[in-house]
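First residue of the sequence shown? That's 0 in numbering that gives the first Met the number 0, and the numbers climb one at a time after it.
We put the CB at the ideal spot given by N, CA and C, even for glycine.
The structure displayed is predicted, hence computed values, not measured ones.
Inspection log for the structure reproduced underneath, given as C-alpha cells.
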Amino acid sequence: MSRRAVFPPLNSSDILAFQFSSWYPTFASVSIKSTIIRPTPSEFEEYLHEDGVFVPEGADDVAIESSLSDKGDGDEDEDEDAPRRTYAFPELDEKIRECIKTYGAVFPKLNFSSPQDASWVLPASSPLKCTSPADVYMLLKSSDFITHDITRASVFEGCNAPAEYQLELVLRKWYPVDKSREVRCFVRDDKLLGISQRDSNFYEFWNDPATQQKVVATVKDFWESKIRQKWTGPRDYIFDLLLTRDLTRAHIIDFNPFAPRTDALLFTYDNLAGLDGDTPELRVIDSAAHPAASSTAPANQHNMVPFEALALSSGVDIDAFAERHDAMDLETELTNQLAERAKRYITEKGMDPTTAMQTAQAELLKNNPYNPPTGDKCPVNNLPVELLTHIFQLGCQIEAEEEENGPDDGYGDDDDDEDEDDEEDALNLNDGWETDSEDGDGEADEVIEVDEDDEDVRMSSPKKKKRGKLPAPESPGGRPAPDSDSEDDEDDDFRDGEEIEDEEPFFPFQVLVSHVCKKWRSVALDDPTLWTRLRFDGHMKLPAATEWLKRSNGLPLEIYIDATHSHDHPVPDPVTSEPPSFVQSLAASMGINININMLMAQVGGPAPVVAPVQTFNPHDLPPMARPEPCLSAQDVREIMALLAPHVAQWRLFEVTVENYDRMFVVLESLAECPGAPLLEDFGLYHYEQESEETEHFQPAALSKAFLPFHGNAPNIKNAALWGVHVDWTASLSFLQNLNELELAYHVRDVRPTFETFREMITRSPQLTHLSLCFSGPTGDLEVIEIPTLQKLVLCYLERDYIKPLVGSFVLPALEELTLDLADEDFTEFAEQLAGRGKGLSRSLLAGLTRFKIDGLPCSDAAAALVFGQLENVHKLLLNCDFLDEEERERFYKLLLKASPVSATTPMYLPKLDFLRIAGLDGDELQTLVKARKAMKVPLAQLWVSTRDEVDSKDDEWLKKNVETFDYYEPSDESDLEMDDEIEGEEMDQD
C-alpha cells in the first residue's frame with residue numbers, strides 16, 4: 000500500500016489545526032484547565048535552543064541581582080573562554096507564577112509537544128508537577144520531545160509552503176493522572192477506526208470483555224457527541240482521552256495529526272488503513288508477556304542517559320566523549336559495536352550466538368552511568384551550579400511533602416533485619432566526607448566539620464518514628480476531631496500495647512547537603528529558597544532560626560510553631576540503677592563514640608539521662624508530674640519577637656498549642672504586627688484535651704479578642720481558627736476573599752454573630768470550602784447564598800442548631816459533604832437534607848459526588864431517604880467505628896439493598912465506585928462486595944481500616960474481586976482525600 004494511501008496529505012494549515020491554541024478554546028469544557036501564553040518573549044525560543052540545562056535568572060524565585068549565576072562562587076575552574084549567555088524572562092516568570100497560584104501546580108507543553116521524556120527531572124511521586132517557573136524551564140530544557148516544536152522544519156515537515164508560526168507556552172493544571180485509563184483514538188475520513196491503550200503497562204482490568212465493550216461504547220459516544228461536530232481541522236486526526244474511573248465519561252488530553260510523527264501505539268498505520276467497520280477496534284496489552292508491554296527499564300531512558308554513554312567501555316573521559324558526540328551516528332555505532340563483539344566471541348571463543356550476544360551487551364553496559372562511578376573523582380562536581388541548586392530545592396520540597404503527609408503507618412518498616420552494628424551505615428556529620436574539587440585536580444575539597452558554632456545544624460531537631468498514629472484532639476462530644484493530624488498525644492500507643500521507638504537524629508536536607516563539601520555548602524548557603532521553611536517545635540535554638548532568616552534573603556517564609564510536643568519524663572525507680580541515656584544507647588548501636596553526644600547537644604540541647612520512653616505511660620503519673628510542652632509561654636514569646644520584624648515576608652503562619660497561654664502570647668504579638676501583605680495561609684489551632692464548658696470561654700482572664708496584623712493581611716486565602724477567637728467584626732478586613740474557612744471548637748460567647756459571619760461569606764466570592772465544627776454564627780439566621788461552595792463540613796453541632804443553619808444556606812454548587820453528629824436524634828435533619836434544598840429544584844444531597852459520614856443518628860426511614868438521594872455520589876466514606884450498633888447496621892445494610900420502587904434508580908448509590916469504610920470485619924466486606932457486584936454496580940476501589948478484622952484469606956479474596964483494595968490508617972483521614980484527579984470540582988463538563 001502506498002504511503003499516500005496510508006497517510007493523507009497535510010498542508011501547513013492542517014498542521015496548525017493541531018497546535019494547542021487552535022483546538023483548546025473549542026474543547027475547553029471537556030479538557031484539562033489550561034492557560035496559553037502567547038506570544039512568548041522573542042528570546043525564549045533562543046533559550047530553548049541553547050546548549051546545556053540551566054534556568055533563566057530570577058526564575059527560581061530569587062531576585063536577579065542575587066541569582067547564583069551572577070556570582071563567581073569562588074571557583075577558579077569556570078570556563079572563562081566561552082561564557083554562557085544569560086537569559087531572564089521576568090514577565091513570563093510572573094505569568095507562570097500567576098498560573099501556579101491559580102491552579103496549585105502546572106505541567107507545561109508547547110504548541111504540540113509536552114516534555115514527558117523529562118519527567119525524571121522532578122520527583123517521581125509527582126512527575127511533571129511544576130510549582131515554580133524554574134520547574135517549568137527545567138522540564139523544557141531537559142526534553143528532547145519539545146525540539147520538534149522549536150524547529151520549524153520539523154513542524155512543517157513535508158509541507159511545500161510553511162505557514163507563519165508563533166511559539167506558545169501552555170500551562171495545564173497538574174493532576175495525578177491514572178495512566179491506565181488513557182487511550183489513543185484514530186479517526187480516518189471522519190470515521191472512528193481504532194482505540195489503543197496508551198500506557199505500555201499490563202493492567203488486568205483491560206482483559207474483561209465487559210470493560211472493553213464499555214470503553215468502546217464510551218469513546219464512540221464521546222467522539223460523536225463532543226468532538227465530531229465541533230472539530231474543524233482535517234478529517235483525518237488522532238485524539239487522546241483520559242477516561243473517568245467508572246469508564247463512562249472522558250476528558251480530552253490532546254489532538255495529533257494522522258501522520259508518521261504520531262505513534263500508532265498498538266496499531267500500525269497499515270493496520271488502520273485496513274479497518275472499515277462501524278465499531279472501532281480496541282487494542283490493549285492483554286498480558287505482561289505482550290510484545291509491546293513495558294520492560295523494567297525507566298520510561299524515556301534515552302533522555303535520562305544518552306545512548307552514547309553505553310559505549311564508554313573504553314574509559315574515555317567526559318571531554319573526549321563530548322568531542323566525538325556530534326560526529327556519532329548513535330544507532331549505527333551501537334549496532335555495529337554489538338555485532339562486531341558478538342561475532343568475535345563466536346569465532347574466537349566458540350560461544351553460541353545467544354551467549355555471545357549477552358556477553359557483548361554486558362560489556363557495552365559495564366560503564367552504564369546508573370552504576371556508581373569508579374576512581375577518585377566525583378562527577379557530581381561537573382554539574383552546573385544551577386542544576387545542583389535545583390536538585391537541592393527538590394530535596395527540600397520532597398522532605399517538606401513527606402513531613403506534611405506524616406510518617407508511614409509503620410507496617411513493614413521496622414528494618415529488624417538490618418545490622419545495627421554496621422558502622423558503614425551510620426550517619427555522623429563529623430566523618431570526613433570527601434569529594435574532588437571542581438577543578439579536577441584530585442585534591443579533596445574542604446570538609447565541613449560540625450561544631451557548636453554551626454547554626455544551621457542547631458536548627459535541626461530529632462524526629463520520632465512511631466508505630467501507628469496518635470489520637471486527635473477530642474471534640475466536646477468526646478470523639479477525635481475530623482481530618483486532624485493526631486501525632487502529638489502519645490496515649491494511644493500505650494493503650495494499644497504498642498511501643499514508641501527511640502528518637503533518632505534527624506537533619507534537614509539543606510543542612511545535610513551543606514556539610515558534604517565546600518562547593519555544596521557554598522551552593523546551599525547561597526540559595527535562599529532552601530531556608531524559607533521554619534519549624535519551631537521545642538528542639539531548635541533561636542540563633543539557628545536567626546541564621547536561617549538571614550539566609551532566606553527576604554523571600555516569602557513558611558512558619559510553623561508547634562507547642563504540643565512533650566518532654567520525655569523519667570520513671571521514678573529508686574531501686575534500680577540509672578539506665579543509659581538515649582544518646583549513649585544510640586551511639587553504641589551505631590558504633591560511634593562521644594561525637595554523637597556533641598552532635599545531639601548541638602541539635603537539641605544536653606541529652607538527659609532518662610529511662611526508655613516506652614516503659615511508662617505519662618497518664619500514670621501524678622497530675623503535677625505530667626509532661627509539659629517543650630515550648631513554654633516564654634519560649635513562644637521569644638520566638639514571636641524574633642519573627643515579628645519579618646512579618647512582611649510571611650506567606651504561611653501556623654501555630655498549634657495545647658495550653659491557651661501560649662496562644663494568648665501569639666495573639667498579643669500578632670496584634671502588634673503592622674501587617675502581613677504576603678500572608679496566604681493562616682492557621683491557629685488550640686487542641687484542648689478536656690473541656691465540658693460550652694457556654695463561656697475559660698480561662699476568662701485570657702478571653703480578650705485581638706485584631707491580628709491591625710487588620711492588614713489582604714492576601715489571606717485559607718483561614719483556620721480552632722479553639723481560637725479574634726475580634727470577628729474588626730477582622731473582616733482580612734477575613735475576606737477566602738478560598739477556605741475553618742471555624743472549630745468555639746464556645747458560644749466567643750462565636751461570631753450571624754451578621755459578621757455573613758459578611759465573611761459574601762466578601763469571599765471564591766469560597767469553595769467551609770468547615771464548622773462545634774462552631775458557627777450566633778443570633779438570628781437569615782438566608783445566605785454561597786454560589787461557589789463545593790465542600791461543606793459539619794461536625795459536633797446540636798440538633799436544634801444545625802437544622803436552621805443548613806436551612807439558611809443556598810448551595811447550588813455543593814459537591815462534597817461531611818457529617819459527624821452525635822448524642823441526639825437527627826432524624827428531622829436527615830429528612831431535611833433529603834428534601835428540596837433552599838433555592839434548588841432538587842435536594843442538597845442530589846448534587847453530591849462525595850459524601851462522608853462519621854455520625855448521623857436517625858431512623859431507618861430517614862437513612863433510606865438520605866441514601867435514596869445520593870444518585871451522583873462516586874465516593875462514600877463511612878466510619879462505622881464511631882457509629883453505634885444501630886447506625887452501623889443501618890448504613891451498612893443500605894449498601895447491600897436495592898432502593899425502593901419509588902426511587903429513581905434500581906439501587907442505592909448507583910454510581911458508587913470508591914468506598915472507604917471502617918468498622919467491618921472480613922465476612923461483612925466480602926458480603927458487601929458480592930452484593931454490589933450482583934446489582935451490576937461493582938466497587939472499583941475499597942479502602943478499609945488497618946484496625947478492622949481482615950485476615951489473610953479475606954485480604955486475598957478482596958484483592959481478587961476489587962480492582963483496588965488497600966488499607967488506611969484511621970487517623971490519616973486528611974491524607975487520604977483521594978482527589979478525583981480530573982473529576983468533580985476540578986473539571987467542568989458540558
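In the three-state reduction of the DSSP assignment, Val654 falls in the strand class, which pools E and B. Secondary structure of Thr755 (DSSP, three-state): helix. Per DSSP, the beta-bridge partners of Thr963 are Gln940.
DSSP places Val522 inside the alpha helix (DSSP H), whose first and last residues are Lys517 to Leu524.
Ile194 sits in a strand when the DSSP states are folded into three classes.
Proximity to Leu677 across Phe652, Glu657 and Glu203 peaks at Phe652, based on C-alpha coordinates.
If the five residues before and after Ala712 are omitted, its C-beta is found closer than 6 Å to the C-beta atoms of Ala675, Leu678 and Phe733, all from its own chain and listed in chain order.
Under the DSSP assignment, Asn878 falls in the beta strand (DSSP E) whose first and last residues are Lys874 to Asn878. When Cβ pairs closer than 8 Å are counted between the two stretches, the stretch 190–205 is seen not to touch the stretch 152–161, the count staying below three. In the assembly as shown, Ala700 is an exposed residue. Its beta-carbon has fewer than 16 other beta-carbons within 10 Å.
Taken in chain order, the whole alpha helix (DSSP H) runs of length 4 or more contained in the stretch 5–70 are 11–15, 19–26 and 43–48.
Proximity to Phe681 across Gln357, Val510, Tyr559 and Asp853 peaks at Tyr559, based on C-alpha coordinates.
Residue environment for Asn381: exposed (fewer than 16 other C-beta atoms within 10 angstroms of its C-beta). Note on Pro507: 16 or more other CB atoms within 10 angstroms of its CB, so buried under the neighbour-count rule.
In the DSSP assignment, Gly854 falls within the beta strand (DSSP E) that extends over Arg849 to Gly854. Under the DSSP assignment, Lys213 falls in the alpha helix (DSSP H) whose first and last residues are Pro208 to Phe221. If the five residues before and after Lys213 are omitted, its C-beta is found closer than 8 Å to the C-beta atoms of Leu246 and Thr247, all from its own chain and listed in chain order. According to the DSSP secondary-structure assignment, Thr85 is paired through a beta bridge with no residue.
By a beta-carbon distance limit of 8 Å, Val928 contacts Leu957. Their separation comes to about 7 Å. Distances from the alpha-carbon of Leu911 to those of Leu919, Leu895 and Lys703 put Leu895 closest.
Contact check for Gln165 against Arg260 fails: the beta carbons are separated by 8 Å or more.
Here DSSP, grouped into helix, strand and coil, assigns Trp173 to coil.
Just measuring C-alpha positions, the residue of Glu754, Val725, Val182 and Asn736 sitting nearest Val746 is Val725. Between Pro55 and Phe88 a beta carbon distance of about 5 Å is seen, short of the 8 Å cut, so the two are scored as contacting.
Cys184 and Gly806 have their C-alpha atoms some 48 Å from each other. Scanning Leu666, Met639, His685 and Leu669 for the CA closest to the CA of Asn658 turns up His685. Assignment of Pro644 by DSSP, reduced to helix, strand and coil, places it in the helix class. In this structure, the beta-carbon distance from Pro279 to Pro7 does not fall below 8 Å. Put simply, the backbone Cα of Asp822 is about 24 Å away from that of Gln697. In the DSSP assignment, Lys790 falls within the unbroken beta strand (DSSP E) covering Lys790 to Cys794.
Burial is judged here by how many other beta carbons sit within 10 angstroms of a residue's own beta carbon; His873 has at least 16 and is buried. Annotated three-state conformation of Val746 is coil, per DSSP.
Shown here for Asn738: same chain residues with a beta carbon closer than 8 Å to its own, the five before and five after excluded, namely Lys716, Asn717, Ser763, Gln765, Leu766, Thr767 and His768 in chain order. With respect to the 8 Å criterion, Ala829 and Val865 are classified as neighbours on the basis of their beta carbons. Annotated as distal: Ile226 and Leu241, with beta-carbon spacing of 8 Å or more. Assignment of beta-bridge partners to Phe535 by DSSP yields Ile560.
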